[in-house]
Structure formats: C-alpha cells, structure tokens
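Asks:
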Amino acid sequence: MNLSGVSTELRPVVEDLNRRFEGRFNALVTPRLNEVYFHVTMDLVPGFCAHLCRKWKARLVTVFADDARIGHGVFHLYYALALDDAHGLLVLRVPVSPETPQFVALTNAIPAVNWQEREIQDWFGLRLLGHPNPRRCALHDDWPAVHPLRKDFDLNTVLPPFQGERHKFRPVEGEGVFQVPVGPVHAGIIEPGHFLFSVAGEPVLYLQLRLFYVHKGTEKLFEHLPIPHGVRLAESISGDSSFAHATAFCHAIERTAGAQAPPRARVLRSVCLELERLYNHIADIGAICTDVAFVTANMHAMRLKEQILRVNEHLTGNRLLRGMACLGGVRFDWDADQIRTLNGLVSDLRPEFDSLVQLVEDSSSTLDRLDTTGILKPEVARDLGVVGIAGRASGFAYDLRRDFPHAAYDQVQIRVPVYRVGDVRHRLRVRVDEVHESLRLIQTFVTKLPGGPLRIDIGEVPPDRVAFGYVEGWRGEIFHWVRTAPNNRLARCRVKDPSLQNWPALSEAILDNIVPDFPVINKSFNLSYSGTDR
Amino acid sequence: MNPDPLAILLQTLLLLLLAPLVSGIIKNWKAKLQNRRGPRPWQVYLDLAKFLRKDMVISEHASWIFSFAPYVLFTSALLAGLMVPTLATPAPLSLFGGALALIGLLALGRFFLALGGLDPASAFGGMGSSRDMTLSAIAEPALMLAIFTVAITAGSTDLSQICRSTQSATWRLLNPAHVLAFAAMFVVLLAETGRIPVDNPATHLELTMVHEAMLLEYSGRFLALMEWGASIKQLVLMTLLANVFVPVGLAVSEAGPGALALSLLAYLAKLLALAAAVVLVETTNAKLRLFRVPDLLSAAFVLATLALLSTFLFQ
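Here it is, written out as structure tokens:
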C-alpha cells in the first residue's frame, strides 16, 4: 500500500488500520496529506469507528450522504473522523444501493451522530436501521414523503399544503407534572425553535427540543450556484459566523483546486476570524449578564461590541465582515491607516474588557446565578460530541486552530482554555479567556503581516474532486465538505455548524435546574438556529 | 367626622397622576445609571394612553374572571391609596379602615391578579401566578409586622393616627425598631413591585417572569388598568415608607394651602429619594435565583420581627 500521500502523523494510524482490517478496504484515496478516504462497505463501519475511537481517540465529527447515483450508481455515506492528536481526518465512504436504500445507525454507540443520521434519513430517504429514535428531524412531520437532497428533486418544486399528523412529543407523566411549551415564536429578535419543558413545580424533568423551523435548503442551493457565488451563500448560513462559514467554504474549494491563499490573505483571514470571535464573545458575556438581570454589564459589553463592529466596517466595509471572504484570498487589503485603527482597537479593548470582566466578577449576585447553573458533565459532553465553547467548559480542548491549523494559525501558538466544571460560569470564563487570547493573536498577526498579493485566481475547479474545508469559528468547529461538478459547480456541499452538534447537550444541561434558569443556560451555549437548520 | 369629598377627589387625582410618573422616573434614572438615554419620565402616560385606545385580544379560554381582575386590581390599589395620608392627615378614607384594611385590599388585588394570570390557561401566566403566591406568602407577613411595629408605638392601627403620633415630640426618628421595620418594608417594596433582585420588570424572558408573566395575556384597556394599578400600588407602598417612617413635612387637613404646598414638596422629595434607592438596588444587583428569593423575604420577615421585639425592649 502506497502511503506517500499521507502525512507522517497519520501514517501509523493508517498502517494500524491496514493490519486490523486487512484487505477489507476497497480503496484508499489520499487527496491531501491530512485527509484520507477509505472506501469500505457498510458492515465495516461500526467496527472501524469503534476501533478508531477507542485506540486512536478519534471523534466522529460529521456524518452525511451524497447522491452519487449519476456517475457511481449509488448513494454514498461519509463518516468523517477527526484525529486531533494526529492532525488529520479519516473519512469512510460507504456505498448504499438505490435498490435497498438503508443504512445501519451508529447512534447507539455514538450518540453524537443522532441528529445527523436522522437528517440523512429525511433528506435522502435512506432508511435508518436500529436507530433508537428514527423519527423525523430535519424535515418536520408535516412534510410529504419527499427527499429534497436527492438529485431528482427539483429545486423549484412546490409542495402541496400539508395534511396529516403533526409531531407528537413524548409524554411525561406523574403527579404534579405538567408541560410548558415555549416557542417556536419567541419574544425578542431570535429565531424560531420549540422547547417543551416537562416540569414538576419549577425543576425541569425533561426538555424536548424541536428545531429546523427555518430550514432553507442551503445545502441544495449550493448545488445550483456557480462556485464563486457559493461564498456569498455560505456567509448567510449563520449571520453571526458569516466570515467563519465563508472561509470554511473557501478552504474547501481551495483544497479541491490544490491551491492555497497567499500569505497576506491567510493572515487577514485569521484576523477577521478573531474579530468575529471578539464581537460575539463580548456580546455573549453581556447577554449572559442580561439574562440574570445585571443589565449594567450588558450595556458596557454592547458598547465594546459596537466599537468592534465599527472597526469591522472600517476594515472590510461591513460591520459583520460580510463581503470580505473570497476564493483564493480576501477581497480588501488594509492600508497603514486601517492597521492603525485595528491596533487602536486592540489597545482600547484590553483595559475596557478587563474592567467589564471585573464588573462581572465583583458582582456576587451575578456570580451566584452563574455558579453551578446548567452543568454539562464531561461524560455527557463526550457522548454528545459537544464542541466549541461548551466543550471546552466541560473538559474537551478541541480547537481546530491548534489541531488543524488553517489560515495563518500555523504561525502562532494557541492557548486553549479548558475547564471541567461545565456550568454557565465556566462557559463565561472560556469566553473571557478566549477574548484575551484573540486580542493577543490579532496583535501578533498584525506585527508580522506579510506583504504580497491579496488573492490568487482559483479558476475553474476540476470536476469530481472532494475536500473538507474547516474553520474554528467563535462558537466551535465548522466543516464544509464539497464534491465538485463540471462547469465550476458543486455536486454536493455539506455544511456542519457546531450548533447542530451542541443543541442536544442543552437538554442535558437543563436537567435538575429550575425553569427560570433556562434562559441563562441557553444563552451560555448561544447556539445558532439558522446554522442548525440550514 | 365625615369624609371630605374634596379631599377624596384630590387624593384620587394625586394617586392617579403621580403613580405613572414615579414609574417613569425610576425607568429613566435606571437607564441613566446604565449608560443609556432611557425613555422620558412621562413615557408611561403615553403608554397608558396608547393601551387605552387599543383593541383587546382575549383568549377564547378566558372566563369572566379574566375581565373582572383588572378592575378589582385597579380599584383595590386606589382604595388602599386613599387610606394612606399623602399630603395631610387624616387620610381621606381613614375612617373606613387602618393598616389591616390596607393590607387586605392589597391582598385582594393580588388574589385577582393571580387568578387573572391563571384564567386564560397559558403556561406562563400559571407559572407567574404560582411564583407570585409563593413569594407573597412571605412578603405579606413581613409587611404586616413592619406596620405593627409602628402601630404599637403609636397605639393605633389607623395609619393617620400613626402618622400623627410620629410627628409628636416623643417620636425619635432613629428608633431602632423603626429603622429595622423600615428596612424590612423596603425589601417588601422591592418584592411587591416586582423589582430586581426579586423580579425583573424590564425582561422579555417569559420563563423568568413573575409579575409580568401574569400580565402577558392582557392587552388594550385591561393592560392599561393592570399597569396603572401596579404603579398605584407601588406609590402606595412608597407613601407608606415615606410618611409613616419619615413624617417630615406632613400637614394636617385643617392646614392652609401654604402648608399643603410645603407638604407636597416634602412628599415629592421623599418619593424621589426612595425611587433613587430602588434604582440603585436595581442597577447594582442581578436577579436572585427564584429559590433564593424566599431567603431574602425571610430576612425581611426576621427584620420585621426584630423590629417588633425591639419596640418592647427599648421602651
């Protein structure tokens, strides 16, 4: 077996897999050093994943399907396992024949993929075998039996109005137990999601989530746009992560083309990613305080956020960094004046942010609300594959910036804060630590900003290439996976937002807490509805 | 002595007009202290006028209780207000009852408010009612004990009598009993008017609400009555604190217009000072965990008990 296309760190893993599952791969494809594809059959998947998770501490980061009936005659399932220590991705590709459209659920062994497996069932009509809860997930129960991500589903299909059975929630029974339905429409400017609390008095016994109210068919839309237009679509996957999603998409396309953005662009991308992290983290810190009615801190946080947004506009022409990302680099260069503004922001923010943190830390009544509230235990976080801020507050220091360096993160040392307590207070602390780290990173990047071109021309991407693009967004890890089609189009674009992974953890964190503490627990996760629903 | 119709009319007008302004001032000051510009103090009047003009949306599950509750709440608060001396003693309706009647009237209003929250069978209203009842079960005794403390010194539960005796020469402002009772009642004021750290009047988070949750189903005229009634209740409690504990400047009803004007100035100054204290507490504190609010109210209760005991100890 030729392993020359595999990075030296991944090589022992691949060799071990070769020994263990000898001769059972149909093929081994190595398009990039840290991205290895195994073509296997369905029966190998559970054992393969179990072995990798146990022996090599791999994480199943995303599971998705691809309608490859044109060309391959089958559906493909992809299981992407991240090896943080070996800095590589191992991907299983499994064919599913259209005659028997079904696949075996991994959810029993790896609860983290529960929603993703059900998405495949809803979107591609591949039936789940042995799933503990094979109900509808991404498409609501009022959808007819159509599978919108299949190629034979036309984008402009208009479906008849629904008639039939609505979603049935699981009953929770017992003396004095009652249900509190909240949403899908909420007070305030947030997106729709339905929460059904089963409570006995104030303590919450069970929380059922129902999302995907704003499913926009984004993954399908990618297949109908020329690749360069996809960047703009990626920006709108989740408004607060515009730049991170767009950059993850660009990374994916650049990797299919075998190109890399020039050094200056990579640094500017990193700075923008850190700016996005800054404004969201600071806004979240304020919002957490609002939810315990300590509005003063929020007002200061809003003021700081506004400063960042104005600098964003000065640097990129958009307060939310939209329009900055583009294939092969970035769109706008910064002159000396803009760099000065950025430096000014960093030196202004440092003391201001410290005094904001001091304000919160000095408010014992606020800390009393945050301490021990909404604990997500490390065991639960591990089972649910919780990533990002919530993961780091519960003992898991996953950070793609450090383990899968992208943009210019290979040039810096990144300190990843990690706590094991997992309560609201520690999710706040992770944010505080990351703000400090972001300020430091921005300063480092700016001092060694290389010269040179701003972008390279990617040109037309050859068809039938696959690649992962990834970015550590402020909320957690973002993956985009693309398969290219002729004429500079995409055959498939899979989008994995950290929110999709983390939502189920909310149901666990709320247990044993009281109803009025839910808003602050929810805010401490601050998950995206749009990013989940796509 | 018959009640003076003019005094009743004047005090009613005072309560009706002053109550929204006090709420507005608190909102405005709170905003200022939080680095915001905030609504103008008279915005509350405009809101009430808007609510009064608007149509009402009433749940099909609501019964007559839902429509009845706003009137009970509003009138009970207003009646309670007529029993408290604002500018002059005696209060216009002091013949009809003293401190106990006042507490009873406030309890009646709260009872119907809770029923109004439960009646449309919305989950939030029910949660609000249940929480409000839990909290008031502790807040109310604290209020009673605090008032009894001063009643014992004055030898009467008639609020006008109490105020009058507090103006006499033997009265000491910094009597330990009164200081403790004042502190207890201030906590009760925060709880009864739904303020931080007990409740957050400015939140949009239904799951955390107490008082606001009960109002969620109300709209239009009923909402106006509810909001207005709540602000009158707040003014009544603040008046109690201002005039019973610090009776500086309070005129007697036979006094001339000059004395009444002076009394009005003193009254407003005391109210503003109280409002400032409320604003300060609201701005510097986060809301307590719901299950810790009873601790705070129990502390108020203990303070009131100590106040009552010390009336005997320090005599």
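Protein sequence lines correspond, in order, to chains A and B.
According to our numbering, the residues represented by the first sequence are 140 to 673, in order.
According to our numbering, the residues represented by the second sequence are 124 to 438, in order.
C-beta atoms are modelled at their ideal positions from N, C-alpha and C, and glycine is treated no differently.
1) Tell whether a beta-carbon distance below 7 angstroms holds between A:T239 and A:H270.
2) Give me the chain A residues within the contact set of B:Q157, using Cβ-Cβ distance strictly less than 8 angstroms, ordered along the chain.
3) Just confirm the distance between the C-beta atoms of A:V370 and A:L466, as a whole number of angstroms; I'd bet it's less than 8 angstroms.
4) Can you tell me which of the three DSSP states A:K516 falls into?
5) In chain order, what residues of the same chain have a beta carbon less than 8 angstroms from the beta carbon of A:D603, not counting five sequence neighbours either side?
6) Would you mind giving the Cβ-Cβ distance between A:A648 and A:L515, rounded to the nearest angstrom? I have them listed as a contact below 8 angstroms.
7) Where do the ends of the alpha helix (DSSP H) carrying A:D476 lie?
8) Using a threshold of 7 angstroms, state whether the C-beta atoms of B:V321 and B:L313 are closer than that.
9) Return yes when the Cβ of B:D170 is within less than 7 angstroms of the Cβ of B:S217, no when it is not.
10) Starting from the beta carbon of B:T326, find every residue of chain A whose beta carbon is closer than 7 angstroms, and list them in chain order.
11) Considering only DSSP beta bridges, list what A:A207 is partnered with.
12) What do you reckon, are the CB atoms on A:E413 and A:L539 nearer than 7 angstroms?
13) Would you report the Cα separation of A:A277 and A:L288, rounded to the nearest angstrom?
14) Evaluate the contact criterion for the segment 551-570 of chain A versus the segment 505-521 of chain A: three or more CB pairs, one atom per stretch, below 8 angstroms.
15) For B:V165, count neighbouring Cβ atoms within 10 angstroms of its own Cβ and tell me buried if that reaches 16, exposed if not.
16) Since B:V207 contacts B:A214 with CB under 8 angstroms, what's their CB separation in whole angstroms?
17) Reducing DSSP to helix, strand and coil, say where B:L223 ends up.
18) Is the CB of A:I249 under 7 angstroms away from at least one CB in chain B?
19) Which residue marks the beginning of the alpha helix (DSSP H) containing A:Q255, and which one marks its end?
20) Taking 8 angstroms as the threshold, find out whether the segment 237-251 of chain B comes into contact with the segment 337-345 of chain B through three or more Cβ pairs.
21) Please state whether DSSP places A:V605 in a helix, a strand or coil.
22) Going along the chain, which residues of its own chain have a beta-carbon closer than 7 angstroms to the beta-carbon of B:G220, five neighbours each way excluded?
23) Give the C-beta separation of B:A230 and B:T272 to the nearest angstrom, bearing in mind that I take them to be a contact with Cβ-Cβ under 8 angstroms.
24) Can the beta-carbon of A:H534 be found less than 7 angstroms from the beta-carbon of A:P517?
25) Mind pulling the chain B residues with CB within less than 7 angstroms of A:G315?
26) What residues in the segment 265-277 of chain B have a beta carbon less than 7 angstroms from any beta carbon of chain A?
27) How many Å lie between A:G456 and A:W473 at the Cα?
28) Run through the segment 556-640 of chain A for me and flag every whole alpha helix (DSSP H) of 4 or more residues, listed as ranges in chain order.
29) With 16 as the cutoff for other CB atoms within 10 Å, does B:M179 come out buried or exposed?
30) Suppose you measure from the CA of A:C428 to the CA of A:D651; what does that come to, to the nearest Å?
31) According to DSSP, what are the bridge partners of A:C428?
32) With DSSP as the reference, please indicate the residues paired to B:A246 in a beta bridge.
33) Report the CB separation of A:A422 from A:K444 in whole angstroms; it is logged as a contact under 8 angstroms.
34) What does A:I653 reach in chain B if we use C-beta pairs closer than 7 angstroms?
35) Counting only C-beta atoms, is A:G327 closer than 7 angstroms to chain B at any point?
36) Mind listing the chain B neighbours of A:D507? Cutoff is C-beta to C-beta under 9 angstroms, in chain order.
Replies: To lay it out plainly:
1) Start at 1 with the first residue of the first sequence, and residue 239 of chain A comes out as number 100. Start at 1 with the first residue of the first sequence, and residue 270 of chain A comes out as number 131. With a cutoff of 7 angstroms on beta-carbon distance, A:T239 and A:H270 are scored as not near each other.
2) Counted from its first residue, the second sequence places residue 157 of chain B at position 34. Against chain A, a Cβ distance below 8 angstroms from B:Q157 picks out V434, T435 and M438.
3) What you label residue 370 of chain A is simply residue 231 of the first sequence in a count that begins at 1. What you label residue 466 of chain A is simply residue 327 of the first sequence in a count that begins at 1. The Cβ separation is near 6 angstroms, so the contact holds.
4) Against the first sequence, residue 516 of chain A aligns to sequence position 377. In this structure, A:K516 counts as coil in the three-state DSSP scheme.
5) Numbered from its first residue, the first sequence carries residue 603 of chain A at position 464. For A:D603, where only same-chain residues beyond five positions count, the Cβ hits under 8 angstroms are G210, R622, T623, A624 and A630.
6) As a working note, residue 648 of chain A is residue 509 in the first sequence. As a working note, residue 515 of chain A is residue 376 in the first sequence. Indeed they touch by this definition, with Cβ atoms about 4 angstroms apart.
7) As a working mapping, residue 476 of chain A is identified with position 337 in the first sequence. Run containing A:D476: A475 to E500, per the alpha helix (DSSP H) assignment.
8) Position 198 of the second sequence holds residue 321 of chain B. Position 190 of the second sequence holds residue 313 of chain B. The answer is yes: Cβ separation under 7 angstroms.
9) Stepping through the second sequence from its first residue, residue 217 of chain B is reached at position 94. Stepping through the second sequence from its first residue, residue 170 of chain B is reached at position 47. Contact flag unset, no.
10) In the second sequence, the residue the question calls residue 326 of chain B occupies position 203. Those within 7 angstroms of B:T326 in chain A are A432.
11) Here residue 207 of chain A corresponds to residue number 68 of the first sequence, with the count starting at 1. Checking the DSSP bridge columns, you'll see A:A207 partnered with A:V213.
12) Here residue 413 of chain A refers to the residue found at position 274 when the first sequence is read from its first residue. Here residue 539 of chain A refers to the residue found at position 400 when the first sequence is read from its first residue. Taking 7 angstroms as the Cβ cut-off, A:E413 and A:L539 do not qualify as a contacting pair.
13) The count along the first sequence starts at 1 and reaches residue 277 of chain A at position 138. The count along the first sequence starts at 1 and reaches residue 288 of chain A at position 149. One alpha carbon belongs to A:A277, the other to A:L288, and they sit about 12 angstroms apart.
14) Touching, yes.
15) Stepping through the second sequence from its first residue, residue 165 of chain B is reached at position 42. The displayed chain sequence assigns Trp, not Val, to residue 165 of chain B. B:W165 is exposed by the Cβ-count criterion.
16) Taking the first residue of the second sequence as 1, we reach residue 207 of chain B at position 84. Taking the first residue of the second sequence as 1, we reach residue 214 of chain B at position 91. A Cβ-Cβ distance of about 6 angstroms is found for the pair B:V207 and B:A214, placing them in contact under the 8 angstroms criterion.
17) Here residue 223 of chain B corresponds to residue number 100 of the second sequence, with the count starting at 1. B:L223 falls in the helix class under three-state DSSP.
18) If you number the first sequence from 1, residue 249 of chain A lands on position 110. It does not; no Cβ of chain B falls within 7 angstroms.
19) Translated into positions along the first sequence, residue 255 of chain A becomes position 116. Per DSSP, A:Q255 belongs to the alpha helix (DSSP H) from N253 to F263.
20) Result yes; three or more Cβ-Cβ pairs closer than 8 angstroms.
21) Within the first sequence, residue 605 of chain A is the residue found at index 466, counting from 1. In the structure shown, A:V605 sits in a strand (DSSP, three-state: E or B).
22) On the second sequence, position 97 is the one that residue 220 of chain B refers to. Here the set comprises M206.
23) Position 107 of the second sequence, counted from the start, is the residue given in the question as residue 230 of chain B. Position 149 of the second sequence, counted from the start, is the residue given in the question as residue 272 of chain B. About 19 angstroms separates the beta carbons of B:A230 and B:T272, which is beyond the 8 angstroms limit, so they are not a contact pair.
24) For the purposes of this step, residue 534 of chain A is taken as residue 395 along the first sequence, with counting starting at 1. For the purposes of this step, residue 517 of chain A is taken as residue 378 along the first sequence, with counting starting at 1. The question names His, but residue 534 of chain A is Gly in the sequence shown. Their beta carbons are under 7 angstroms apart, which means A:G534 touches A:P517 by this criterion.
25) What you label residue 315 of chain A is simply residue 176 of the first sequence in a count that begins at 1. Neighbours of A:G315 on chain B: none; closest Cβ ~11 angstroms, over 7 angstroms.
26) If you check each beta-carbon in the segment 265-277 of chain B against every beta-carbon of chain A, none falls closer than 7 angstroms.
27) Indexing the first sequence from 1 puts residue 456 of chain A at position 317. Indexing the first sequence from 1 puts residue 473 of chain A at position 334. Answer to the nearest angstrom: the Cα atoms are 11 angstroms apart.
28) With a minimum length of 4 residues, the continuous alpha helix (DSSP H) runs that stay inside the segment 556-640 of chain A are 563-586.
29) By one-based count along the second sequence, residue 179 of chain B stands at place 56. Classified as exposed, B:M179 has fewer than 16 neighbouring CB atoms from the shown chains inside 10 Å of its CB.
30) As a working mapping, residue 428 of chain A is identified with position 289 in the first sequence. As a working mapping, residue 651 of chain A is identified with position 512 in the first sequence. Distance from the CA of A:C428 to the CA of A:D651, rounded to the nearest whole angstrom, comes to 21 angstroms.
31) Here residue 428 of chain A refers to the residue found at position 289 when the first sequence is read from its first residue. A:C428 is not bridged to any residue.
32) Within the second sequence, numbered from 1, the residue matching residue 246 of chain B stands at position 123. Its beta-bridge partners do not exist; DSSP assigns none.
33) By one-based count along the first sequence, residue 422 of chain A stands at place 283. By one-based count along the first sequence, residue 444 of chain A stands at place 305. The Cβ separation is near 5 angstroms, so the contact holds.
34) Working through the first sequence from its first residue, we reach residue 653 of chain A at position 514. Simply L413 and F414.
35) For the purposes of this step, residue 327 of chain A is taken as the residue at position 188 of the first sequence. Yes, A:G327 lies at the interface with chain B (some Cβ there is under 7 angstroms from its Cβ).
36) Along the first sequence, read from residue 1 onward, the residue named residue 507 of chain A stands at position 368. Contact of A:D507 with chain B by beta-carbon distance below 9 angstroms involves A409, L411, R412 and R415.
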